[in-house]
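In this note's numbering, the protein residues as written are -13 to 406.
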């Protein structure tokens, strides 16, 4: 049923709460439908190729190097007592996203400000909320935070356009997109002026010009899509890795081998892709604790969803990914965390149609490879740099929903530096 909804773009389109267009921008690409959405998306696909993803790794590495040292300092400041780390994981993943999306065009101070304020945007998009923006409400604070992010991103776009025009190297997603836009512009201008294009490689796809604000809004939606989901995944990943030392030991062993024992050495895409067990752990984590449980759609017209029921035009229809990811016919002991099913088992082949973590159809998550490799980098580097312990409470396995899912006790942990 979930697959049917995801794959029925003629009947449904993604929707969000009423205030979302006010925060993300009414003309944001996520609100496009049909051909307009497909055409816009084509221009983004090249930003997530293997070659492009490798360009973003140094920025991600730098963030983890810095924050993992902070984890140890936080534990020391607490006198060795456990500290709930959910908020810190949200900050880390926000910083990683920002360095991946807009690189070092954005200051450390702005990264910290966005990371601190992003929860206001999440709160503003809760299902039960004011549909209008009134002063001092959650939606009002969310709008102020969103405007601040968009303004920072627009400044970054302007800087990137100058640097890419001067032949600078691509270091972030924004650079890659701006470079493609500039190359497309040069090609078009050469044709319009009757200049031979023999020495130019035609960009595929050929992109139109995008304004600084259009690029800023799109990057904001990348942050919107990644922030809560990766924060959820990282929180559960550290909790479960601590609970399962057998799993953490194998992650550590694989990463030490792939990186020649040097946690601080830059990682490349071949090394990251070679870590098959680490990636299997991430894959299983996303099945076992899928960050996004529900994906709201709205019926564009009457939708005969089954032989017995037709969803009326204008009604919301909300598929969940949870049941497909817990299907006992596909996953043996589905309520157990078992990375082996993706490492040596048949879950990848047998459950291909069930793995709806990143959606399906024309609106599937464009950053799904990026997200999984980023999480593999995160837990792999942590395994080499840190030892940590989870301090369970009666709420550790209880789930709370804050856009995505988190342990109710916010994941109390202690960290120490790992000595090689």
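Glycine included, each C-beta is placed from N, C-alpha and C at the ideal position.
| request: With residue 285 as the anchor, note down where its alpha helix (DSSP H) starts and where it stops. | output: As a working mapping, residue 285 is identified with position 299 in the chain shown. No alpha helix (DSSP H) contains residue 285, which is instead part of the beta strand (DSSP E) from 283 to 285.
| task | Could you tell me if residue 408 is buried or exposed, where buried requires 16 or more neighbouring beta carbons within 10 angstroms of its beta carbon? | result | Not covered by the structure: residue 408. The range shown for the chain is -13 to 406.
| Which residues mark the beginning and the end of the alpha helix (DSSP H) in which residue 23 is found? | Your numbering for residue 23 matches position 37 in the chain shown. Per DSSP, residue 23 belongs to the alpha helix (DSSP H) from 20 to 28.
| message | Considering Cα atoms alone, identify which of 402, 356 and -12 is closest to residue 39. | response | Indexing the chain shown from 1 puts residue 39 at position 53. Minimum Cα distance to residue 39 is reached at 356.
| message | Once DSSP output is grouped into helix, strand and coil, what is the label at residue 379? | response | Sequence index remark: in the chain shown, residue 379 carries index 393 (1-based). The answer is coil: DSSP assigns residue 379 none of H, G, I, E or B.
| query | How would you call residue 298, buried or exposed, if buried means at least 16 neighbouring beta carbons within 10 angstroms? | reply | Here residue 298 refers to the residue found at position 312 when the chain shown is read from its first residue. Result: exposed.
| Between which two residues does the beta strand (DSSP E) containing residue 402 stretch? | Numbered from 1 along the chain shown, position 416 holds the residue referred to as residue 402. First-last of the beta strand (DSSP E) with residue 402: 398 to 403.
| Whole-angstrom C-beta distance between residue 214 and residue 407, which should lie under 8 Å | It is not possible to answer for residue 407, since the shown part of the chain is limited to -13 through 406.
| Cβ-based neighbour list, residue 1, same chain, cut-off 7 Å, excluding 5 preceding and 5 following | Counted from its first residue, the chain shown places residue 1 at position 15. Excluding positions up to five away in sequence, the list reads 282, 283, 284 and 302.
| query | DSSP state of residue 390, grouped into three classes? | reply | Against the chain shown, residue 390 aligns to sequence position 404. Reduced to three states, the DSSP call for residue 390 is strand.
| said: I need the boundaries of the alpha helix (DSSP H) containing residue 82, first residue and last residue. | reply: Counting from one through the chain shown, the residue named residue 82 turns up at place 96. It spans 72 to 88 - the alpha helix (DSSP H) in which residue 82 sits, taken as one unbroken run.
| message | Quick check on the DSSP output: the alpha helix (DSSP H) that includes residue 262 runs from which residue to which? | response | As a working mapping, residue 262 is identified with position 276 in the chain shown. Note, residue 262: alpha helix (DSSP H), 262 to 274.
| CA-CA distance, residue 216 and residue 176? | Working through the chain shown from its first residue, we reach residue 216 at position 230. Working through the chain shown from its first residue, we reach residue 176 at position 190. Spanning the two alpha carbons is a distance of roughly 43 Å.
| request: Quickly, what does DSSP pair residue 302 with across the bridge? List them, please. | output: Your numbering for residue 302 matches position 316 in the chain shown. Note: residue 302 sits in a beta bridge opposite 284.
| query | In angstroms, rounded to a whole number, what distance separates the CA positions of residue -3 and residue 286? | reply | The residue given as residue -3 occupies position 11 in the chain shown. The residue given as residue 286 occupies position 300 in the chain shown. The alpha-carbon atoms of residue -3 and residue 286 are separated by roughly 5 Å.
| query | residue 167 by DSSP, collapsed to three states: which one? | reply | The sequence position of residue 167 within the chain shown is 181, counting from 1. Helix.
| message | Using only the alpha-carbon positions, how far apart do residue 387 and residue 107 sit? | response | Within the chain shown, numbered from 1, the residue matching residue 387 stands at position 401. Within the chain shown, numbered from 1, the residue matching residue 107 stands at position 121. For residue 387 and residue 107, the distance between alpha carbons rounds to 15 Å.
| message | Suppose the cutoff is 7 Å on Cβ atoms and the five residues either side in sequence are ignored; what does the same chain contact list for residue 66 look like? | response | To locate residue 66, count along the chain shown from 1; it is residue 80. Closer than 7 Å at Cβ, skipping near neighbours: 400.
| message | Can you tell me whether residue -1 is helix, strand or coil according to DSSP? | response | Taking the first residue of the chain shown as position 1, residue -1 is located at position 13. Here residue -1 sits in strand by DSSP.
| Three-state secondary structure (DSSP) of residue 360 | As a first step, residue 360 is located in the chain shown; it is residue number 374 there, counting from the start. Residue 360 falls in the helix class under three-state DSSP.
| query | For residue 146, which residues of its own chain have a beta-carbon under 7 Å away from its beta-carbon, when the five flanking residues on both sides are left out? | reply | For the purposes of this step, residue 146 is taken as residue 160 along the chain shown, with counting starting at 1. So the qualifying residues of the chain are 91, 160, 161 and 164.
| request: Just mark residue 407 as buried or exposed, buried being the case when its beta carbon has 16 or more other beta carbons within 10 Å. | output: Residue 407 cannot be examined here, being either before or after the span of the chain that is shown, -13 to 406.
| field | CB contact flag (residue 131, residue 94, <8 Å) | value | For the purposes of this step, residue 131 is taken as residue 145 along the chain shown, with counting starting at 1. For the purposes of this step, residue 94 is taken as residue 108 along the chain shown, with counting starting at 1. No; because the gap between Cβ atoms is not below 8 Å, this pair is not in contact.
| message | Going by C-alpha to C-alpha distance, which of 52, 4 and 398 sits closest to residue 72? | response | Your numbering for residue 72 matches position 86 in the chain shown. If we check each option's Cα against that of residue 72, 398 comes out closest.
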